[in-house]
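Trainee: Numbering (my numbering), first residue to last: 14 to 167.
Can you keep this structure in mind? I'll have questions shortly.
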């Protein structure tokens with residue numbers, strides 16, 4: 014079963030109508046690059062209204078089909094999500110995005126909730142830096158040896 018068929022099936026199981034416009038939004042985001050904006054989806058789904066795209070993206074986000082990625086410049090991008098709850102590593106140089114799931118902030122969330130009497134329902138974490146490839150491209154010969162050694166230790 015294709016990704017599109019799985020998503021359509023999940024929408025139907027949750028009682029959501031799968032209209033022609035929603036199908037075009039699904040096709041647009043499945044054909045989009047690794048991370049994309051709502052405007053990218055709008056361009057790839059001609060004839061679909063902006064409000065429909067936003068509502069569909071919100072619905073797909075609630076279903077964990079897509080996830081939001083806050084870029085360093087403040088723009089909001091999306092990407093297909095297959096790992097459930099996760100966070101992102103973003104390379105400031107090449108724009109590469111990697112998912113990571115090993116974020117144990119439960120103690121911090123518990124403490125924060127206790128200290129503020131705020132009922133915390135979720136969190137969202139983006140970590141910005143430079144990926145290994147970008148560091149290696151910009152490093153001198155001595156720095157490249159150090160990067161290789163650090164990667165070997167991990």
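Think of the CB as a built atom: it goes at the ideal place given N, C-alpha and C, for glycine as much as any other residue.
All values reported here derive from a predicted model rather than from experimental measurement.
(1) List the DSSP bridge partners of residue 100.
(2) Would residue 136 be called buried (16 or more neighbouring beta carbons within 10 Å of its own) or exposed?
(3) For the beta strand (DSSP E) containing residue 90, name the first residue and the last one.
(4) Between the Cα of residue 105 and the Cα atoms of 87, 94, 96, 116, which residue gives the shortest distance?
(5) DSSP three-state label for residue 33, please.
(6) Within the continuous beta strand (DSSP E) that includes residue 81, where are the two ends?
(7) Taking 8 Å as the threshold (C-beta atoms), are residue 107 and residue 144 in contact?
(8) Which two residues bound the contiguous beta strand (DSSP E) that contains residue 130?
(9) Exposed or buried, which one is residue 37 when buried takes at least 16 other CB atoms within 10 Å?
(10) Starting from residue 140 and walking both ways along the beta strand (DSSP E), at which residues does that stretch end?
(11) Using a Cβ-Cβ cut-off of 8 Å (strictly less than) and excluding sequence neighbours within five positions of residue 49, which residues of its own chain qualify?
Mentor: If we stick to the structure as given:
(1) DSSP lists 113 as partners of residue 100.
(2) Looking at its Cβ environment, which holds fewer than 16 other Cβ atoms inside 10 Å, residue 136 is exposed.
(3) Counting along the chain, the beta strand (DSSP E) containing residue 90 begins and ends at 89 to 93.
(4) Among 87, 94, 96, 116, the Cα nearest to that of residue 105 belongs to 87.
(5) Under the three-state reduction of DSSP, residue 33 is assigned to helix.
(6) Taken as a continuous stretch (DSSP letters only), the beta strand (DSSP E) holding residue 81 covers 79 to 83.
(7) Using a Cβ distance threshold of 8 Å, residue 144 and residue 107 count as a contacting pair.
(8) The continuous stretches of beta strand (DSSP E) do not include residue 130, and DSSP gives it neither H nor E.
(9) With at least 16 other beta carbons inside 10 angstroms of its own, residue 37 counts as buried.
(10) Here the beta strand (DSSP E) through residue 140 covers 139 to 142.
(11) Within the same chain, residue 49 has close Cβ partners 42, 90, 91, 92.
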